[in-house]
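At position 85 of the sequence shown the residue is numbered 87 (my numbering), and the sequence of numbers has no breaks.
One structure below.
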Amino acid sequence: MHKDSIIQQTITYIQAELSTTEAGHNWWHIYRVWKLAKRIAQNEDSDQFVVELGALLHDIADSKFHNGDEEIGPRKAREFLSAMAVDEEVISHVEQIIRHISFKGGNHEQTFRSPELDIIQDADRLDAMGAIGIARTFNYGGHKGRDIYDPAIPPCFNMTKEEYKNSNTPTLNHFYEKLLLLKERMNTRMGKELAEERHRFMELYLEQFYKEWEGVL
Numbered sequence: 003m004h005k006d007s008i009i010q011q012t013i014t015y016i017q018a019e020l021s022t023t024e025a026g027h028n029w030w031h032i033y034r035v036w037k038l039a040k041r042i043a044q045n046e047d048s049d050q051f052v053v054e055l056g057a058l059l060h061d062i063a064d065s066k067f068h069n070g071d072e073e074i075g076p077r078k079a080r081e082f083l084s085a086m087a088v089d090e091e092v093i094s095h096v097e098q099i100i101r102h103i104s105f106k107g108g109n110h111e112q113t114f115r116s117p118e119l120d121i122i123q124d125a126d127r128l129d130a131m132g133a134i135g136i137a138r139t140f141n142y143g144g145h146k147g148r149d150i151y152d153p154a155i156p157p158c159f160n161m162t163k164e165e166y167k168n169s170n171t172p173t174l175n176h177f178y179e180k181l182l183l184l185k186e187r188m189n190t191r192m193g194k195e196l197a198e199e200r201h202r203f204m205e206l207y208l209e210q211f212y213k214e215w216e217g218v219l
């Protein structure tokens, strides 16, 4: 099967699979990560086919929506790609990308690296920053029934992977526990450049938030 046809069928599959998913992790999140990954890949020595498949399938079954099962995503991706007779080398690479793309609290040691993972990881992290990142963060906080902000509950740094996964602190804490840390964790030149503006926007947002919270503005 031609690569373009496989990409199109993957898009159709993702749109169907994620049709009822929480808005911050639905098809439109995949779409943005896919577009960003393709853009970043233009400036990197990488396999474009793996980049596109990895970006499209990276959240096919996010573990936080499947009782913490971190293997359901790689397994579903393998089943889908195998059904389309994609080369085993490509399938294995996509599986590894799905297993290792997640932030997981920032203290989790990443045991697999590739240029394609670096690209997709940057694209995924960029979608957690800036205006889109802010919207996704509060959307997910509302989805989980979390407070917007509580001055009595400070952010928790240096969390283990399990602590990060099980955290139920106010949504604003997530800025300090993840979003504001992403700029320094970008892999590619373009990823680092794009992260700068999104990071600045989040800092400005927080300044405004605290002023409005205290009635200064």
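A virtual CB, placed ideally from N, CA and C, is assigned to each residue, including glycine.
Only a predicted model underlies this, so the values are computations on that prediction, with no experimental measurement involved.
| field | CB-CB length for D47 against P117, believed under 8 Å | value | 6 Å
Please classify G135 as buried or exposed, where buried requires at least 16 other C-beta atoms within 10 Å of its C-beta. buried
Requested in this report: Check whether the stretch 47-56 touches the stretch 202-209, taking contact to mean three or more Cβ pairs, one atom from each stretch, closer than 8 Å.
Outcome: no
**Prompt:** For P153, does the count of other Cβ atoms within 10 angstroms reach 16, so buried, or fall short, so exposed?
**Reply:** exposed
- Message: In this structure, how does DSSP classify N28 when only helix, strand and coil are distinguished?
- Response: coil
| request: Mind checking which residues open and close the alpha helix (DSSP H) that includes H60? | output: Taken as a continuous stretch (DSSP letters only), H60 belongs to no alpha helix (DSSP H), as it is neither H nor E.
Length of the line joining the Cα atoms of V96 and L59
8 Å
Item to complete: Find the nearest neighbour of R127 within the set N189, N45, A25 and G217, judged by alpha-carbon distance.
Response: N189
Looking at I32 and I121, is the spacing between their C-beta atoms short of 8 Å? no
task: Could you tell me how far apart the beta carbons of T173 and F140 are, in whole angstroms, since I believe they sit closer than 8 Å?
output: 6 Å
So D126 is in the alpha helix (DSSP H); what residue range does that whole segment cover? P117 to L128
Q: Please determine, among I13, G26, T22 and L20, the residue with the shortest C-alpha to C-alpha distance to W36.
A: I13
Checklist line | Residue of P76, T23 and L83 minimising C-alpha distance to Q11 | finding: L83
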